[in-house]
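Mapping of the sequence shown onto UniProt numbering: residues 1 to 156, in sequence order. From the three backbone atoms N, C-alpha and C, an ideal C-beta is built for every residue, glycine too.
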Amino acid sequence: MRPEVLAGIERELRQQAESEGIAHFVVGVAVFRDAKLLVVRRVEEGSHGGMWELPGGGVESGESFADCVARELFEETGLRVVRITDVLGGFDYATRTKSRVRKYSFVVEAAAGEIRLDPGEHDRYQWIDADTVDNLPMADDMRAAVFALVTTHPSR
Numbered sequence: 001m002r003p004e005v006l007a008g009i010e011r012e013l014r015q016q017a018e019s020e021g022i023a024h025f026v027v028g029v030a031v032f033r034d035a036k037l038l039v040v041r042r043v044e045e046g047s048h049g050g051m052w053e054l055p056g057g058g059v060e061s062g063e064s065f066a067d068c069v070a071r072e073l074f075e076e077t078g079l080r081v082v083r084i085t086d087v088l089g090g091f092d093y094a095t096r097t098k099s100r101v102r103k104y105s106f107v108v109e110a111a112a113g114e115i116r117l118d119p120g121e122h123d124r125y126q127w128i129d130a131d132t133v134d135n136l137p138m139a140d141d142m143r144a145a146v147f148a149l150v151t152t153h154p155s156r
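Below you can see the structure in the form of structure tokens.
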């Protein structure tokens, strides 16, 4: 996806969310290899310990969605984004510190490389397909997003 197209999509997504009173954003990053999706498991001691999820995290003040996608993927897995190929719909959730947060998922092409997890955040990773999703503990909204990715996305 060309950077100017992605910037236009981000403007629209931010305007829509902000018109609904949402000012905080989180990104999820979907990486496929050999038709399997990368998921990571949160460390037991942390928030949502032992749960599986897409790599990702919060968009910092002044940060673009694309920059956040690249930063979070690298921080959590050591992988570098080559390009963002798709932007998927968002969903809202509440946190302890913010009333509502909107999460968008981005499908990326990542450079080849060994996965290096941030040991303070995640302790395992797995490449999964549709047959594996129900075997891993995940939040309901994450399971729905992951299942949609592994069953319908063209990268699979």
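Name, in chain order, the residues that DSSP records as bridge partners for A23.
-> Sequence index remark: in the sequence shown, residue 23 carries index 23 (1-based). None; A23 has no bridge partner.
Should F106 and V59 be called a contact, given that it needs their Cβ atoms to be closer than 8 Å?
-> Translated into positions along the sequence shown, residue 106 becomes position 106. Translated into positions along the sequence shown, residue 59 becomes position 59. The Cβ atoms of F106 and V59 do not sit closer than 8 Å to each other.
Just the Cα atoms here: how many angstroms apart are R80 and L73?
-> Numbered from 1 along the sequence shown, position 80 holds the residue referred to as residue 80. Numbered from 1 along the sequence shown, position 73 holds the residue referred to as residue 73. Straight-line measurement puts the Cα of L73 at about 7 Å from the Cα of R80.
Going by CA-CA distance only, name the one from A110, G62, V101 that's closest to E20.
-> Here residue 20 is taken as the residue at index 20 of the sequence shown, counted from 1. The residue with the shortest Cα to Cα distance from E20 is V101.
Assign R41 to buried or exposed, taking buried as 16 or more other Cβ atoms, counted over all protein chains shown, within 10 Å of its Cβ.
-> Residue numbering aside, residue 41 sits at position 41 when the sequence shown is read from its first letter. Buried: at least 16 other Cβ atoms inside 10 Å.
Rounded distance between the beta-carbons of V108 and V29, thought under 8 Å = For the purposes of this step, residue 29 is taken as the residue at position 29 of the sequence shown. For the purposes of this step, residue 108 is taken as the residue at position 108 of the sequence shown. 6 Å between Cβ atoms; contact.
So, Y104 versus V87, is the Cβ gap smaller than 8 Å?
-> Along the sequence shown, one-based indexing puts residue 104 at 104. Along the sequence shown, one-based indexing puts residue 87 at 87. Closer than 8 Å, so yes.
In chain order, what residues of the same chain have a beta carbon less than 8 Å from the beta carbon of G113, not counting five sequence neighbours either side?
-> Numbered from its first residue, the sequence shown carries residue 113 at position 113. Closer than 8 Å at the Cβ level, and outside the excluded window around G113, lie G78, L79, R80.
Of the residues G62, G49, L13, which one's Cα is nearest the Cα of P119?
-> Numbered from 1 along the sequence shown, position 119 holds the residue referred to as residue 119. P119 has its Cα closest to that of G49, out of G62, G49, L13.
Measure how close the beta-carbons of P55 and L37 come, nearest whole angstrom, since I'm counting them as under 8 Å.
-> Along the sequence shown, one-based indexing puts residue 55 at 55. Along the sequence shown, one-based indexing puts residue 37 at 37. The pair is not a contact, with the Cβ atoms about 11 Å apart (cut-off 8 Å).
With DSSP run on the structure shown, which of helix, strand or coil describes I84?
-> Looking up residue 84 in the sequence shown gives position 84. In the three-state scheme derived from DSSP, where H, G and I count as helix and E and B as strand, I84 is classed as strand.
If you count every other CB in all the chains shown that lies within 10 Å of the CB of V5, and 16 or more means buried, which is it?
-> Here residue 5 is taken as the residue at index 5 of the sequence shown, counted from 1. Classification for V5: exposed.
Could you give the DSSP three-state label for E109: helix, strand or coil?
-> Here residue 109 corresponds to residue number 109 of the sequence shown, with the count starting at 1. Three-state DSSP puts E109 in a strand.
Extent of the continuous beta strand (DSSP E) to which D67 belongs | Within the sequence shown, residue 67 is the residue found at index 67, counting from 1. Note, D67: premise wrong, no beta strand (DSSP E); alpha helix (DSSP H) at 65-77.
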